[in-house]
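Residue numbers (full-length UniProt numbering): 1 to 195.
C-beta atoms are modelled at their ideal positions from N, C-alpha and C, and glycine is treated no differently.
Here's the structure, in structure tokens; my notes come after.
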Ligand SMILES: C[S@@+](CC[C@H](N)C(=O)[O-])C[C@H]1O[C@@H](n2cnc3c(N)ncnc32)[C@H](O)[C@@H]1O
């Protein structure tokens with residue numbers, strides 16, 4: 001449970017990281033609860049003991065909703081920024097935090113004694129449109145490598161059309177959903193891993 005001052009403290013932490021690491025942080029504020037609910041709604045069925053991989057948790061807005069909605073699953077959050085990673089370990093009980101890059105998901109799973117067959121879904125808050133060079137494409141390949149056919153990859157974006165620049169071979173696009181009650185308004189993209 002968050003104390004009343006915690007959301008404000010987390011927002012200040014997020015703003016501080018925007019100033020220091022703008023391209024990696026990639027947003028003007030943490031996501032709001034309506035977007036967290038929409039992302040979590042898109043996950044679908046998760047069996048007992050399966051893993052939900054969260055990428056780019058930041059201050060943990062999606063993490064808290066995932067842990068709350070899927071208490072029978074294990075939520076593993078992969079965060080590259082050590083300020084966020086160390087905060088999350090204490091702030092979100094029940095969350096497994098990996099301080100590392102989302103382009104190396106297979107390796108992170110192995111280090112935790114897990115394998116791709118354990119992964120029910122990937123939920124991503126990564127700012128793929130602002131990350132440099134070929135990193136976004138490497139991250140998409142990393143997601144594809146840990147998802148079995150039919151399993152879901154959920155990603156939010158502020159600019160759906162800009163996603164045309166990415167090669168999403170290996171994923172099938174599902175209908176998207178707009179979330180107006182977010183700053184800025186966001187779009188939840190949903191994919192399933194192809195056969
Ligand atoms: C747009 S913020 C989203 C934070 C949070 N999910 C939210 O919606 O409020 C992007 C997050 O992705 C993290 N990130 C960026 N590149 C990453 C990478 N290569 N691997 C893991 N995390 C990354 C950033 O540090 C930041 O926490």
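- By the neighbour-count criterion, in which 16 or more other beta carbons inside 10 Å mark a residue as buried, residue 150 falls on the exposed side.
- Within the stretch 76-146, the runs of alpha helix (DSSP H) that reach at least 4 residues and sit entirely inside it are, in chain order, 82-91, 105-111, 135-146.
- Rounded to the nearest angstrom, the Cβ distance from residue 109 to residue 103 is 13 Å, too far for a contact under 8 Å.
- In the three-state reduction of the DSSP assignment, residue 17 falls in the helix class.
- For residue 46, there is no enclosing alpha helix (DSSP H), since its DSSP letter is neither H nor E.
- Contact between residue 58 and residue 182 fails: their C-beta atoms lie close to 14 Å from each other, not under 8 Å.
- Burial of residue 125 is indicated by the presence of at least 16 other C-beta atoms within 10 angstroms of its C-beta.
- Within the chosen limit of 8 Å, ligand 1 reaches the beta carbon of residue 79 through at least one heavy atom.
- Residue range 186-193 is occupied by the beta strand (DSSP E) that includes residue 192, with no alpha helix (DSSP H) assigned at that position.
- For residue 35, the uninterrupted alpha helix (DSSP H) run begins and ends at 33-41, by DSSP.
- Checking the 8 Å criterion, the Cβ of residue 90 is out of range of every heavy atom belonging to ligand 1.
- Rounded to whole angstroms, residue 14 and residue 21 show a C-alpha spacing of 10 Å.
- Residue 147 and residue 166 have their C-alpha atoms some 18 Å from each other.
- According to the DSSP assignment, residue 171 belongs to the beta strand (DSSP E) that extends over 171-173.
- Inter-residue distance for residue 36 and residue 65 is about 6 Å (C-alpha atoms, whole angstroms).
- The beta carbon of residue 178 sits closer than 6 Å to the beta carbons of 187 from its chain, once the five residues preceding and following it are set aside; these are given in chain order.
- Taking 8 Å as the upper bound for CB-CB distance, residue 46 and residue 27 are not in contact here, some 26 Å apart.
- Between ligand 1 and the CB of residue 139, the shortest heavy atom gap is smaller than 8 Å.
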